[in-house]
Every structure is written in C-alpha cells, then in structure tokens.
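Peer 1: Below: one structure in structure tokens.
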Amino acid sequence: MITPNFQLSQTHKTVTMIVRAPHCHLDKLEVKVQDDVLLFKCTPYFLRLTLPGKLVDCDENRKVSFDVESGEFTFTYSKLCPGEHFDNLELIPNIIIPTQLGNYPQTAALIQEVSESNQTVTSPVSITSGWDYRYGFVLQNSIDFNLSATALDEVFDVDPCKTTLHERHKLKIQYEQGKFNVHHYIADYLDNGEILDLRAQEHTLESDLVLNSNEMNFLDGLPGLPYDLTVQQITWCYTGVLDILFAYCYDQRTTHFEGNIESGWTISKLAASLCWCEVFDTPRDAIISAFRRSLIYPLYRNFELSQTVFSDLKALISCQERHILRAFIQIYGMFLHGDRNVLNNLYIKSYLSYIMKWDPDHWKATVNEVLQMEITKQEIGLNLEQIENSLIPNSALATLSIRDESEDEIDSDDEESSSCSSDDDSTSGWSSSDPDTSL
C-alpha cells in the first residue's frame with residue numbers, strides 16, 4: 064500500500080483533510096472516523112491518522128468531494144468539542160500511525176522499556192551492559208562499518224566500532240585537555256571587543272512560528288517509524304538535543320544568526336554527541352561538555368560568550384517543538400554535502416523523527432531543569448580562574464610607561480632648567496611631565 068500526500072487544516076469547528084490519490088480506484092474508497100482516529104483507504108493508497116482531538120462522523124456535518132483533474136479528495140469533519148484547538152496539526156509525520164515496524168537493533172532485552180502508557184517494565188539485566196560499541200541516535204546502531212580516512216579526520220574524532228563508551232569518554236577528556244590553547248583563551252579574554260559585539264546582538268524567536276512548505280515537505284518525507292526507547296535512551300536523547308542545540312546556538316550567534324560555510328564544522332566539532340559518539344546521563348553533563356568544547360575549538364573562545372550562548376539555548380528550548388525542528392532541519396542542510404552527511408543518517412533524521420513523537424511533558428521537565436541551571440568556571444575543568452587571576456599583575460604593569468636612561472638624563476636637565484627659569488616655564492605652559500614635548 065502507498066501512503067498518499069495529504070494536508071490537514073482546521074477552523075473553530077471543523078478539521079479538513081486533503082488527500083492526493085491520483086491513481087486510486089474509486090470503487091475501493093473507504094473512509095472511517097472513530098473518535099481521534101481517521102482512516103482513508105482507496106487502493107493502492109492507505110492512510111491512518113491519530114489526531115490531537117476527537118471528531119464527529121455524521122452525515123449532516125460531513126463534507127466529501129473529489130477533484131478528477133488533480134486527483135484530490137477533500138474531507139471535512141466537525142470537532143466533537145467546537146472551539147478546541149488541535150495542537151501541532153501541521154506536523155503531519157507526528158500523527159501518522161506506522162503500518163509496520165522498522166528493523167532496529169535488538170536492545171529490548173537489555174534495559175527498561177517504555178510503553179505508550181508511560182509504564183515501565185524493568186529487566187533484570189544491567190542497564191549499562193551491551194552498549195559499549197554502539198553509536199548513532201541513542202546508541203541504536205551496532206553494525207561495524209568502514210569509515211574513510213577523510214570521514215575519520217573531518218567528522219569523527221574516534222572510531223566508535225573500535226572503542227567502548229568508557230574509552231571514548233576518557234579519550235575525549237584527554238584530547239580536549241591537550242587541545243586547550245591557553246594563549247588563545249587569554250587573547251580572547253583581554254582583547255574582547257569583537258566578542259562584546261557578538262554578545263550584544265539582539266535576537267528574538269518568533270512566538271507564533273509556522274514551518275514553511277519546504278520544511279513541512281521535508282518532515283513529511285522522513286520515515287514514520289516507531290521509537291520504543293528505554294528510559295535510559297530517552298535521557299540520552301534529551302541530553303543529545305541539548306548538546307547539539309548548544310553548538311547550533313554558538314554557531315548562530317558567532318555568524319550573526321546567518322550561518323556560513325564553516326557552520327557544519329563548528330556544530331559537528333562542538334557537539335561531542337556527534338564527533339565522539341558520546342552520550343550524557345544528565346543535562347548538566349551535556350552542558351558542561353558543550354561549554355568546554357566552545358572554549359577549545361572554535362574561533363571565539365570566551366567564557367562569557369559561552370554564557371550568552373547558554374542563554375540562547377534556554378530561550379530556544381523554552382519555545383515550542385517547531386523551533387527545535389527548524390534548528391535541526393537547518394543542521395541537516397549544513398551536513399548535507401560532503402562527509403558530514405553520515406551524521407544526518409546516524410543522528411539528525413532520527414532526532415527529527417523522534418522530536419515529533421516525544422512526550423512534551425517529559426521533555427518539559429528536562430527544560431525546567433536546564434532553565435534553573437548555572438555553570439561555573441570551576442566545573443569546566445580547564446583552570447580558567449587560575450589563568451585569569453595570573454593576568455592581574457601583568458595587566459597592571461601593562462598600563463605603566465617604561466623609561467630608558469636617555470629619557471632620565473633629559474628629565475634631569477629639564478629639572479635643572481626648570482629650577483633656573485621657573486618664570487619662563489610658567490609662561491610657556493610646558494611641564495617636564497608632558498610626554499609629548501621634546502627639547
């Protein structure tokens with residue numbers, strides 16, 4: 064069966080669905096509405112939707128039409144509760160009920176499973192076992208693949224098929240410590256005029272953002288597969304979103320919210336969940352990692368700038384999911400060409416699909432935790448305060464003028480001349496302390 068293209072819209076009282084099925088057999092048409100489920104079947108097309116609210120199927124309110132030239136059906140049904148707003152109705156892939164399950168790695172026996180009713184069933188097997196050589200979205204992939212030398216150099220900092228999760232984390236910390244450039248950090252700390260300009264930029268997110276047709280078509284083309292994630296995997300998903308969006312916010316602010324040719328590199332390098340195939344057990348772990356990497360790799364390395372980026376992240380995740388979807392769609396476009404496209408296949412498309420299906424209340428709890436979060440320099444682990452404190456005496460000395468012996472001799476002669484001709488000095492207005500006067 065073929066899933067047809069379709070659109071949904073609503074008014075105060077009704078919901079309208081337009082289905083394009085140009086090659087259908089009209090004698091096979093079957094349409095049913097039962098509460099919040101709408102089913103369309105017309106060989107060879109099949110579509111089953113679950114809506115955010117309930118509809119009423121009665122002859123006096125139902126409207127059905129078919130355009131022979133375009134091959135489009137139009138169905139209009141009344142809402143059970145007039146005036147009710149069906150949230151996220153335009154996010155079409157979010158409401159498609161899959162007709163078959165996808166082929167996912169067999170992880171169900173390892174850990175807790177979450178059912179649609181949010182009840183959990185705990186397995187006796189350790190939650191940390193079996194994940195060592197996995198990678199991709201919430202560690203769902205385990206198949207060994209051969210990475211090209213270019214991909215390893217440009218995209219990944221580690222081969223996930225040859226290193227365990229523990230080894231990755233340990234190597235990442237060691238690698239970051241070795242890459243931290245004290246001189247670069249000091250330069251951006253002292254000469255921060257450009258950074259102050261970046262931090263001062265105003266950027267307001269649209270409160271009533273509507274995804275455009277290109278974005279909707281892109282989301283519509285994503286596979287509508289189920290994601291029966293475990294409790295641990297859901298945590299990894301949320302923290303991965305935070306990690307990637309921090310990198311996105313950094314890139315946006317440092318490119319004047321326009322992006323540039325280096326944006327793909329910046330985001331993939333700052334997000335350890337991408338280039339190190341890392342997972343984070345808590346939101347704080349993800350944010351600290353993002354802070355660290357923002358002070359090690361990109362062009363601007365300033366703690367206060369990272370704090371501003373963190374504020375941008377808080378604003379972004381406080382918005383509705385469509386803002387996050389747009390950010391991930393933009394990231395997908397940045398990774399689309401070249402070796403980084405592998406990140407789209409391993410991560411970005413899966414994040415997009417799952418974000419449209421996740422429990423918004425569960426995600427909101429993570430958002431609230433981040434909104435209350437403050438990050439200190441001590442947590443970063445790069446001795447930032449020690450570095451900055453060591454600059455205080457040097458900064459004071461830098462404001463002093465250095466005098467050589469010849470200047471001292473001139474000053475000595477000036478003092479003698481001044482004592483002998485004070486009347487002339489007072490008349491001319493010249494002083495021996497004037498640095499711009501020469502004899």
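Using the numbering used here, the letters of the sequence shown map in sequence onto residues 64 to 502.
Ideal placement from N, C-alpha and C gives every residue a C-beta, glycine not left out.
What you are looking at is a predicted structure, and each value in this text was computed from that prediction instead of being measured.
#1: Taking DSSP as the reference, what is the three-state secondary structure of residue 200?
#2: Here's the rule I'm using: 16 or more other beta-carbon atoms within 10 Å means buried, otherwise exposed. How should residue 503 be labelled?
#3: Bridge partners for residue 406 per DSSP, in chain order?
#4: Tell me whether residue 225 is buried or exposed, calling it buried when 16 or more other Cβ atoms sit within 10 Å of its Cβ.
#5: Within the continuous beta strand (DSSP E) that includes residue 137, where are the two ends?
#6: Please state the DSSP three-state secondary structure of residue 205.
#7: For residue 113 versus residue 127, is the C-beta distance shorter than 7 Å?
#8: Quick one: using the 10 Å Cβ neighbour count with 16 as the cut-off for buried, is residue 317 buried or exposed?
#9: Is the distance from the Cβ of residue 268 to the Cβ of residue 121 below 7 Å?
#10: Just the C-alpha distance for residue 216 and residue 385, rounded to the nearest angstrom, thanks.
#11: Considering only residues of the same chain and omitting the five flanking positions on each side of residue 303, which have a CB-CB separation below 6 Å?
#12: How should residue 250 be labelled, buried or exposed, when 16 other C-beta atoms within 10 angstroms of its C-beta is the threshold for buried?
#13: Going by DSSP, what residues sit across from residue 118 in a beta bridge?
#14: Going by Cα to Cα distance, which pick from 284, 368 and 299 is closest to residue 262?
#15: For the beta strand (DSSP E) that residue 101 lies in, which residues bound it at each end?
#16: Within the segment 362-417, note down every full alpha helix (DSSP H) run reaching 4 residues or more, in order along the chain.
#17: Taking Cβ positions, are residue 145 and residue 108 nearer each other than 7 Å?
#18: Quick check on this structure: which residue in 118, 80 and 151 has the alpha carbon closest to the alpha carbon of residue 138?
#19: May I have the straight-line CA-CA distance separating residue 93 from residue 129, to the nearest angstrom?
#20: With a threshold of 8 Å, are at least 3 pairs of Cβ atoms found where one atom belongs to the segment 267-285 and the other to the segment 405-424?
#21: In terms of alpha-carbon separation, which member of 355, 379, 453 and 425 lies closest to residue 441?
#22: What alpha helix (DSSP H) runs, 4 residues minimum, are completely inside the segment 414-438?
#23: With contact counted as at least three CB pairs below 8 Å, one residue from each stretch, are the segment 220-239 and the segment 309-324 in contact?
#24: Closest by CA to residue 197, which one among 410, 431 and 434?
#25: Assuming residue 311 and residue 330 make a contact with CB atoms under 8 Å, what is their CB distance in whole Å?
#26: Tell me the rounded alpha-carbon separation between residue 276 and residue 444.
#27: Label residue 140 either buried or exposed according to how many other C-beta atoms from any shown protein chain fall within 10 Å of its C-beta, with 16 as the threshold for buried.
#28: According to DSSP, which residues form a beta bridge with residue 130?
#29: Rounding to the nearest angstrom, what Cα-Cα distance links residue 346 and residue 148 in this structure?
#30: Within this structure, are the beta carbons of residue 364 and residue 238 separated by less than 7 Å?
#31: Do the CB positions of residue 433 and residue 300 come within less than 7 Å of each other?
#32: Under DSSP, the beta strand (DSSP E) around residue 73 begins and ends at which residues?
Peer 2: For this structure:
#1: Reduced to three states, the DSSP call for residue 200 is helix.
#2: In the structure displayed, the chain extends from 64 to 502; residue 503 sits before or after that span and is not available.
#3: Bridge partners of residue 406: none, in fact.
#4: Residue 225 comes out exposed.
#5: First-last of the beta strand (DSSP E) with residue 137: 135-142.
#6: coil
#7: no
#8: buried
#9: Going by C-beta atoms, residue 268 is not nearer than 7 Å to residue 121.
#10: 33 Å
#11: 336.
#12: exposed
#13: 142
#14: 368
#15: 100-105
#16: 366-380 and 384-398
#17: Contact flag unset, no.
#18: It is 80.
#19: 13 Å
#20: yes
#21: 355
#22: 423-434
#23: no
#24: The option with the nearest alpha carbon to residue 197 is 410.
#25: 6 Å
#26: 45 Å
#27: buried
#28: 135
#29: 32 Å
#30: no
#31: no
#32: 68-73
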